[in-house]
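*Asks:*
Protein chains: 2
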Amino acid sequence: MSRPSSRIDSVIHAVRSRISSRLDGPGSRLPSVRTQATTMGVSVSTVVEAYERLAAEGVIAARAGSGFYVTGPAAPLALAEMEPRLDRAVDPLWVSRQSLETPPGHLKPGCGWMPSDWLYHDGLRRGLRRMARADAAHLVDYAGPLGLPALRQTLQRRAATLGIEASMEQLLLAESGTHAVDLICRFLLKPGDCVLVDDPSYFNYHAMLKAHQVQAIGVPYTHTGPDLEVFASALQEHAPRLYITNAGLHNPTGAVLSATTAHRLLGLAERSELIIIEDDIFADFELRPAPRLAALDGLSRVIHVGSFSKAISAASRCGYIAARPDWIEALTDLKLATSFGGGHLAAHLMQIALTDSGYRRHMQAVRTRLADARKHTLRQVQKLGITPWLQPEAGLFLWCQLPDGRDASAVARLCLREGVVVAPGNAFSQSQKAADYVRFNVSQCQDPKIWQVLGKALATNAPRSHA
Amino acid sequence: MSRPSSRIDSVIHAVRSRISSRLDGPGSRLPSVRTQATTMGVSVSTVVEAYERLAAEGVIAARAGSGFYVTGPAAPLALAEMEPRLDRAVDPLWVSRQSLETPPGHLKPGCGWMPSDWLYHDGLRRGLRRMARADAAHLVDYAGPLGLPALRQTLQRRAATLGIEASMEQLLLAESGTHAVDLICRFLLKPGDCVLVDDPSYFNYHAMLKAHQVQAIGVPYTHTGPDLEVFASALQEHAPRLYITNAGLHNPTGAVLSATTAHRLLGLAERSELIIIEDDIFADFELRPAPRLAALDGLSRVIHVGSFSKAISAASRCGYIAARPDWIEALTDLKLATSFGGGHLAAHLMQIALTDSGYRRHMQAVRTRLADARKHTLRQVQKLGITPWLQPEAGLFLWCQLPDGRDASAVARLCLREGVVVAPGNAFSQSQKAADYVRFNVSQCQDPKIWQVLGKALATNAPRSHA
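One line per chain: the protein sequences are A and B, in this order.
UniProt numbering numbers the first residue of the first sequence as 1 and each following residue consecutively.
UniProt numbering numbers the first residue of the second sequence as 1 and each following residue consecutively.
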C-alpha cells in the first residue's frame, strides 16, 4: 500500500502531466477536489494537499468559490545561466563569473574553492538538524547589532591562539569575508583615495576597489611578503590610506609573511598612518601559523577579518571583523544602515560547526588531502613545462608560469571552450605583469582531462615573440 | 544505564566544574585520557570525545605529545550587549539599535518585526530538516551570480500575480531587502545626489542614504501616496536621481498607494528621468494587492525589491531585485565585487518555505491575528488619548499622534528606562515634523505593561508650550 505522501505526489504528477502535455493550458479549470479524488481513488484531503502544494508553487491558483485554475506556464531557465560567457573580457570578475556560472561537468582548476565533498558538509548537516529543533527565536529573529555572542566568543578564542587579543566589543560579524572588507572600505575610503594591494593578489579586491572608485597600487609580492622597498616608495609617492593583504597563506601565491617582513612592514605603516586589512580566510589551512600583523599591532591600525567559506561552507555565509572598539562601533552602525541584521541562522550554523568535535579532524584530513593533491598537481604542471613560482607548504594554490611567455588569457579562453576554467594571471595582477601566469587550485586538479585540454591549448597557442 | 552521549557530557561537566571552581586554572594539565577514564568509570573513547569537544570550544587545548591543558578563561559577555544605550541620540538608527539590543524581557511595541512565534518557524524547521539531507553541493557551494534559479522562478511567479512581468534574467537575489536597496544605491548614486523619500518613511532609508552621502528630501505622505504637488515641485527644485518608497503597505503609516496616484506619480517620474525603488517587503500582509509601480511601468524605470524577513524569517536572510536586464547585469557584477556569492543555503530555505503548502495558511492566520491585534491596539491607544493618523486595513503598523503635542523622543526615553522600546516619530521623518508621533507595531502590543508604562510616561512628560 502506498504511503500518503506518495498518493499526494501521484495527484501532483497527474496535474503536471496534463499541463506539460498541453491537455490543460493556462486558465483551464482543474477537476473539483471531489471529482479528482473519485477519479484517482484517493481521499479528498490528499487532493486538497496536492492542490495546495501546486498552488504554493504557483502552477495553479485558487479563485474564490470557483476552484483551481492553471496559471501561465513557467518560463524556461535562461540560457545565460547555463552557459559560460566566452566573450567576456578578462577583467577582475572574469574568474569569479566563469567559476560560478559553469554548468555541471565543467572542470575548474582555476576556481578559488574546494570541491563540495571536501568541505565540512557533515558538520553542516549536524548543525541543520540541531537548528531544526532550536527555539523559534533562533530561526526567525534578527541578530543583535554585533552578531551572535556565542560565535563571537569562539572567534575570540580562535584569535587568541594566533596572538590576537580582542575583547567581545572588538568583534563584529558580517555576512561574509568579502562583506567585511567592503564595510571597512566604505568606512575608511573616499573616491580618489589610494590603496595598496599585493601584486599579484586576490582578484576580487581589485573589483571591490573599483566599486569604491579608489586607485589600487600593486606592490610586488615576494616569497616572504610584499617587497618592502617598493612598499616604502609607494607610501612616499601615493600616501595610501589602506593596504589590503592576506593573513597567513597568500592568494594566489601560497607564500607567507616572514616575521622580519611583518615587523618592518608594520613599522612603515606606523610612520605613515597607514591602515591595514589582514584577510585571514585561509587560517585553518596552515600547518603552522605565520605571524599575524594584528597580533604584532594589538589591533590598533591593523583590522583582522576572516570567514569560513573555504573551510566549512560557502553556502552558509558568515564573516567577521576584529578591530579597535571605536571603529567597530562605527562599522556596526554602517552594517545596520546597509544590510541591517545579518544572517543569524548562518552564524548559528558556523558556531555549531566550529565547536563540533569533528571539525579539527576534518581540517586535519583536508590538509593531508591538499598535500597529496599539491604533489600530484606539481607533477602534472611540470610535465607540461609549467613552472611553479613557489612550492607552498599549505593551502589550495599553486602560482605558475606558462612556458615560453604564452598568453594565459588566450590559453584560458581555449580551455573554457573545452569545459575547463583556468585562472589567468592578469586577473590577479594590478600591474598586468602576470600575462604568462596562471593560478591552480590543487583540490580541483584531479581530473586528467585538465592536463589534456591544457596541453592542447599550450600547443595551439603560439609563443609570443621574444626580444 | 546511561547513554554514551550523557557519559560524554558528564566528563565535560567534570572538567568544566574544576575550571569554574578554579581547581584547574589556565595552564593546568588535565588528567590523561586513561587516568580520567579510570577515575570516572567510563571508556577511553568517551574521554577522548569529551576532550575533543572541549578543545573544539577552546576551553582546553592539546599540546603535541603532552596531553591537554586548560586555556585562559573566557571573557564575560560585554555589558554593552546586554543593556540598551539610554544615552544614544534619537537618530535614524535609534529604533534599530534599541530594538536589536534590548535584553530578553523588554517589550518592543516600537520594533519593526513580529514576535518570533508569529513567523514561519515551522516552515523553517521543515526546510532545515530537508536541507540536512540535501546534496553536499547545496550545503557548501557558492550560488551562481544571480542566485538560486528555483527561487528566482518562484519569485517570477509571485511577481506575475502582482502584474509584474520579469524574465529570469531580470531577477537577482541579494542578502536581504536592505542589501538589495543598498546595491541599487551604489549602482545609481554618487555623493551629493538628491533622493526623494516619503515623509515619514522607514528610518533605515535615512541611515542608508546618509552612508551614501546623498541628500534625502522628504515628500509628505498622504492616505493615498506621496503628496503629488510637493513631489512635482521637488522634482523641479532638486532634480533628484531616485525616489525610494514602499510597494503596497507603507511603513510607518500603513497607507497604500491609490491607482490614480500611482499613474500620476509614474507620469511625473517619466517626464523627469526619475528612477524609483519600490520596496515590497510587506507583500504577503496585504488583504488585496495595491497597485505596483513596477507593474504599471513594466520594469523600465521602476526597480522592484523585496524580502521575506517580515513574513518568514529574519534569521535566514534573502532579498531580491527585479529590474531592467542591463541594470541587473551591472548589479550582479557589483554584488560579486562587494559580497561575492550570496547565502545559497538561505535561498534554499526560502524557496522551501515559499513553496511549502503550509505557507499560504500561515499567512492567512497571521493576517487574521494582526486584524485582532490592530483592534486591540487601537482601543488601548485611544484610551490614552493617542490618535491614529489612519486605521490601516492590513500590516503591522499604526502611526499615531500623542496628545497635546507631547515630545515622543522624551516619552520614548522614559519608556526605555522601564523596559519598553517605543519608536519616536522623528526617527521616521526627514523634515523632523513628526515630533509628537509614534509608530506602534500591533503584533508587539499584547502586554498590558506597555500601556501602563506609556500612560505613566505621558503623564510625566509635560505638554510642550503652545502658541
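Think of the CB as a built atom: it goes at the ideal place given N, C-alpha and C, for glycine as much as any other residue.
Taking the C-alpha atoms as reference points, what is the distance between N204/B and A423/A?
*Replies:* Translated into the one-based positions of the second sequence, residue 204/B becomes position 204. Translated into the one-based positions of the first sequence, residue 423/A becomes position 423. Taking the straight line from one Cα to the other gives about 40 Å.
*Asks:* Taking the alpha-carbon of F308/B as reference, which of H179/B, T260/B and Q236/B has the nearest alpha-carbon?
*Replies:* By 1-based counting over the second sequence, the position of residue 308/B is 308. F308/B has its Cα closest to that of H179/B, out of H179/B, T260/B and Q236/B.
*Asks:* Counting along the chain, where does the beta strand (DSSP E) carrying Y243/B start and finish?
*Replies:* Translated into the one-based positions of the second sequence, residue 243/B becomes position 243. Y243/B -> beta strand (DSSP E) spans L242 to N246.
*Asks:* My understanding is that R264/A touches L228/A, with C-beta atoms under 8 Å, so please give their C-beta distance in whole angstroms.
*Replies:* Locating residue 264/A in the first sequence gives position 264, counting from the first residue. Locating residue 228/A in the first sequence gives position 228, counting from the first residue. That pair is a contact at about 6 Å.
*Asks:* Assign Y437/B to one of three DSSP states: helix, strand, or coil.
*Replies:* As a working note, residue 437/B is residue 437 in the second sequence. Strand.
*Asks:* Beta-carbon of A75/B versus every beta-carbon of chain A: anything under 8 Å?
*Replies:* In the second sequence, the residue the question calls residue 75/B occupies position 75. At A75/B the pLDDT is 31, less than 50, meaning the model places this residue with poor confidence; the figure from the coordinates comes in the next sentence. By this cut-off, A75/B is an interface position.
*Asks:* Check the C-beta distance from D280/A over to H304/A and give it rounded, since I have them as a contact under 8 Å.
*Replies:* Here residue 280/A refers to the residue found at position 280 of the first sequence. Here residue 304/A refers to the residue found at position 304 of the first sequence. Confirmed, Cβ separation roughly 6 Å.
*Asks:* Taking 7 Å as the line, does the beta carbon of R63/B fall inside it for any heavy atom of the ligand NAP?
*Replies:* Here there are no bound small molecules, and the ligand NAP is not part of this structure.
*Asks:* What residues match up with F397/B in a beta bridge as DSSP calls it?
*Replies:* The residue you call residue 397/B lines up with position 397 of the second sequence. For F397/B, which the question treats as bridged, DSSP gives the partners N441/B.
*Asks:* Around the C-beta of D372/B, are 16 or more other C-beta atoms found within 10 angstroms, so that it is buried, or is it exposed?
*Replies:* Against the second sequence, residue 372/B aligns to sequence position 372. Classification of D372/B: exposed, given that the 10 Å Cβ count is below 16.
*Asks:* Can you list, in chain order, the residues of its chain with a C-beta nearer than 6 Å to that of R413/B? Leave out the 5 residues immediately preceding and following it.
*Replies:* As a first step, residue 413/B is located in the second sequence; it is residue number 413 there, counting from the start. Hits under 6 Å: none found.
*Asks:* Would you mind reading off the limits of the beta strand (DSSP E) that contains S307/B?
*Replies:* The sequence position of residue 307/B within the second sequence is 307, counting from 1. That run of the beta strand (DSSP E) goes V302 to S307.
*Asks:* Looking at the C-beta of L257/B, does it have a partner C-beta in chain A at a distance below 8 Å?
*Replies:* Position 257 of the second sequence, counted from the start, is the residue given in the question as residue 257/B. Closer than 8 Å: no.
*Asks:* Can you have a look at D117/B and say buried or exposed, based on whether 16 or more other CB atoms are within 10 angstroms of its CB?
*Replies:* Here residue 117/B refers to the residue found at position 117 when the second sequence is read from its first residue. Its Cβ having fewer than 16 others within 10 Å, D117/B is exposed.
*Asks:* What does A216/B pair with, by DSSP beta-bridge criteria?
*Replies:* As a first step, residue 216/B must be located in the second sequence, where it is residue number 216. Looking at the DSSP assignment, A216/B forms a beta bridge with V195/B.
*Asks:* Measure from the alpha carbon of A337/B to the alpha carbon of each residue in E278/B, R63/B and A174/B, then state which is nearest.
*Replies:* On the second sequence, residue 337/B is found 337 positions in, with the first residue counted as 1. Closest option to A337/B, Cα to Cα, is A174/B.
*Asks:* Taking only beta-carbon atoms, is K310/B less than 8 Å away from chain A?
*Replies:* The residue labelled residue 310/B in the question sits at position 310 within the second sequence. So, not an interface residue.
*Asks:* Run down chain B in chain order and give the residues with a C-beta less than 9 Å from the C-beta of A314/A.
*Replies:* Your numbering for residue 314/A matches position 314 in the first sequence. V140, D141, Y142, A143, F340, G341 and H344, listed in chain order.
*Asks:* Whose C-beta lies closer than 6 Å to the C-beta of E169/B among residues of the same chain, with five residues either side of it excluded?
*Replies:* Within the second sequence, residue 169/B is the residue found at index 169, counting from 1. So the qualifying residues of the chain are P325.
*Asks:* Leaving out five residues before and five after I352/B in sequence, what residues of the same chain have Cβ atoms less than 8 Å from its Cβ?
*Replies:* Residue mapping note: residue 352/B aligns to position 352 of the second sequence, counting from 1. G123, R126, G127, R130 and M131, listed in sequence order.
*Asks:* For I277/B, which residues from the same chain have a beta carbon less than 7 Å from its beta carbon, with the 5 sequence-adjacent residues on both sides left out?
*Replies:* To locate residue 277/B, count along the second sequence from 1; it is residue 277. Hits under 7 Å: V181, I184, L242, I244, I303 and V305.
*Asks:* Residues of chain B with CB under 8 Å from L93/A, in chain order?
*Replies:* Residue mapping note: residue 93/A aligns to position 93 of the first sequence, counting from 1. D333, L336 and A337, listed in chain order.
*Asks:* Okay, do the segment 210-221 of chain A and the segment 341-355 of chain A touch, 3+ Cβ pairs below 8 Å being the bar?
*Replies:* No, because fewer than three Cβ pairs between the segment 210-221 of chain A and the segment 341-355 of chain A fall closer than 8 Å, the two stretches do not touch.
*Asks:* Hey, is N426/B's beta-carbon within less than 8 Å of any beta-carbon in chain A?
*Replies:* Indexing the second sequence from 1 puts residue 426/B at position 426. No, because no Cβ of chain A sits closer than 8 Å to the Cβ of N426/B.
*Asks:* Return the residues of the segment 202-234 of chain A that lie within a Cβ-Cβ distance of less than 8 Å from chain B, sorted by chain order.
*Replies:* Correct list: N204, A207, M208, K210 and A211.
*Asks:* Go ahead and pull the three-state DSSP assignment for G319/A.
*Replies:* The count along the first sequence starts at 1 and reaches residue 319/A at position 319. Strand at G319/A.
*Asks:* In angstroms with no decimal places, state the Cα-to-Cα distance between L172/B and I12/B.
*Replies:* Counting from one through the second sequence, the residue named residue 172/B turns up at place 172. Counting from one through the second sequence, the residue named residue 12/B turns up at place 12. One C-alpha to the other measures close to 47 Å.
*Asks:* Return the residue from the list L162/B, H121/B and P104/B that minimises the CA-CA distance to P291/B.
*Replies:* As a first step, residue 291/B is located in the second sequence; it is residue number 291 there, counting from the start. Per the Cα distances, L162/B.
*Asks:* In terms of residue numbering, what span does the beta strand (DSSP E) encompassing I275/B cover?
*Replies:* Against the second sequence, residue 275/B aligns to sequence position 275. From DSSP, the beta strand (DSSP E) with I275/B extends over I275 to D279.
*Asks:* Over what stretch of residues does the beta strand (DSSP E) that includes F187/A continue unbroken?
*Replies:* Sequence index remark: in the first sequence, residue 187/A carries index 187 (1-based). Unbroken run through F187/A is the alpha helix (DSSP H), G177 to L188; no beta strand (DSSP E).
*Asks:* Counting only Cβ-Cβ distances shorter than 9 Å, please list the residues of the segment 354-371 of chain B near chain A, keeping chain order.
*Replies:* Per Cβ criterion, the list reads L354, T355, D356, S357, G358, Y359, R360 and R361.
*Asks:* Hey, E49/A and I8/A are a contact pair by Cβ (cut 8 Å); roughly how many whole angstroms apart?
*Replies:* Taking the first residue of the first sequence as 1, we reach residue 49/A at position 49. Taking the first residue of the first sequence as 1, we reach residue 8/A at position 8. The pair is a contact, with the Cβ atoms about 5 Å apart (cut-off 8 Å).
*Asks:* Mind pulling the chain B residues with CB within less than 7 Å of D447/A?
*Replies:* Along the first sequence, read from residue 1 onward, the residue named residue 447/A stands at position 447. Correct list: empty, because the minimum Cβ distance to chain B is about 17 Å.
*Asks:* Please classify R379/A as buried or exposed, where buried requires at least 16 neighbouring CB atoms within 10 angstroms.
*Replies:* What you label residue 379/A is simply residue 379 of the first sequence in a count that begins at 1. The residue is exposed, with fewer than 16 neighbouring Cβ atoms inside 10 Å.
*Asks:* What does E101/A reach in chain B if we use C-beta pairs closer than 8 Å?
*Replies:* The residue you call residue 101/A lines up with position 101 of the first sequence. Under the 8 Å cutoff, chain B gives G144 and P145.
*Asks:* Taking only beta-carbon atoms, is E81/B less than 8 Å away from chain A?
*Replies:* Counting from 1 along the second sequence, the entry for residue 81/B is found at position 81. Residue placement at E81/B is flagged as unreliable, the pLDDT there being 32, under the threshold of 50; a coordinate-derived value is accordingly withheld.
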